[in-house]
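Engineer:
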Amino acid sequence: MARILILAALPEEASALFPDMGTEQAGPFAVRHLTGHGHDLAIATCGLGKVHAALCAGMLGGEADLLLMSGTCGSLGAAPGAYWTAEAVQHDYGAAHPGAFRRYRAGEWPMGEAGEAHFSAMPDPGVGLPHARIASGDSFIACPDAAAGLAATLGVTLVDMEVAAVAQAAARLGKPWAAIKAVTDEANGDSAGDFHANLVRAARHAGEQVERLVATLPS
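Take 377 as the starting number for the sequence shown in the numbering used here and just add one per residue.
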């Protein structure tokens, strides 16, 4: 039986995972424990942003065999739907130079020659979702110019506020990680309204795909 920590930023995203199952545990982070598809699952509501996500992953992920993240994201040209996030990069980590911002792999020295800035997820076990690279940062992207800049400079098609921080924490803990995110908005001037209108639907779509992923993993 594998021990799997599943993180979700928002209560709507957490409750969309294995709904009406498990036992709630109070603490710094709300955690629901259950057994699903032969695995010991802990579903944690971590809160918004990189600090919440990394703190939750660090506090609860030490005994886990795998860290997963489920939830929603903005699209930078990606079609509506759910995605396997094969790579994650923190778009706000790096070095500010005159007229330019150079991005580095989060946690590494932000100076000198910049190498690959992304973290790679575990191999896809065959969930059948399209793959994407996601950019995470402590800002909600609701500007088409900012979205276009991230897409052009980082080769990303999705944006959120947590996945790359979970990936960094997993790397530090020596744990495999994966994330499935479903699109709520297009990172433009309509994003705030679109996000709230589509949150529950997209969260459930991502949750269903995470449940499928868990079912494919060896117990």
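Note that the Cβ used here is the ideal one computed from N, Cα and C, for glycine as well.
Hey, is the region 458-470 in contact with the region 552-572, meaning 3+ C-beta pairs nearer than 8 Å?
Structural biologist: Flag = yes, the region 458-470 and the region 552-572 touch.
Engineer: How far does the beta strand (DSSP E) with Met445 in it extend, from its first residue to its last?
Structural biologist: Where Met445 is concerned, the enclosing beta strand (DSSP E) stretches over Leu442 to Ser451.
Engineer: Does the CB of His494 have a neighbour CB from chain D at under 8 Å?
Structural biologist: No chain D appears in the structure shown, which is made up of a single protein chain.
Engineer: Under 8 Å Cβ to Cβ from Gly438, same chain only, skipping five residues before and after it: list those, please.
Structural biologist: For Gly438, where only same-chain residues beyond five positions count, the Cβ hits under 8 Å are Leu549.
Engineer: For Ile382, write down the residues that DSSP places opposite it in a beta bridge.
Structural biologist: Beta-bridge pairing links Ile382 to Ile419 and Leu444.
Engineer: Between the Cα of His413 and those of Met377, Gly434 and Gly513, spot the shortest distance and give me the residue it belongs to.
Structural biologist: The candidate whose alpha carbon is nearest that of His413 is Met377.
Engineer: How long is the line joining the alpha carbons of Leu386 and Ser512, rounded to whole angstroms?
Structural biologist: Looking at the two C-alpha atoms, the distance is approximately 16 Å.
Engineer: Report yes or no: do the region 393-403 and the region 483-493 share at least 3 C-beta pairs separated by less than 8 Å?
Structural biologist: No, the region 393-403 does not touch the region 483-493.
Engineer: What residue from Gly425, Glu389 and Gly453 has the CA that sits closest to Asp514's CA?
Structural biologist: Checked all of Gly425, Glu389 and Gly453; the closest Cα to Asp514 is Gly425.
Engineer: Which class does Arg481 belong to by DSSP, given the choice of helix, strand or coil?
Structural biologist: If DSSP states are grouped into helix, strand and coil, Arg481 belongs with coil.
Engineer: Could you tell me which of Cys422, Ala392, Thr411 and Glu388 sits nearest to Ala402, measuring between CA atoms?
Structural biologist: Out of Cys422, Ala392, Thr411 and Glu388, Cys422 has the C-alpha closest to the C-alpha of Ala402.
Engineer: For Lys557, which of helix, strand or coil comes out of DSSP?
Structural biologist: Three-state DSSP puts Lys557 in a strand.
Engineer: Would you mind working out which of His409, His581 and Leu589 sits nearest Cys449, comparing C-alpha positions?
Structural biologist: Considering only alpha carbons, the answer is His581.
Engineer: Identify the residues that DSSP records as bridge partners of Glu469: which are they?
Structural biologist: First, the residue type needs correcting, since residue 469 is Tyr and not Glu in the sequence shown. For Tyr469, which the question treats as bridged, DSSP gives no partner whatsoever.
Engineer: Distance check for Ala392 and Thr533, CA to CA, integer angstroms please.
Structural biologist: Straight-line Cα distance between these residues: approximately 24 Å.
Engineer: Is it a yes or a no for the region 575-595 touching the region 469-480, going by three-plus beta-carbon pairs under 8 Å?
Structural biologist: Result no; under three Cβ-Cβ pairs closer than 8 Å.
Engineer: As a quick exercise: from Phe516, Cys519 and Ala454, pick the residue whose alpha carbon is nearest that of Pro506.
Structural biologist: Here the closest residue by C-alpha is Ala454.
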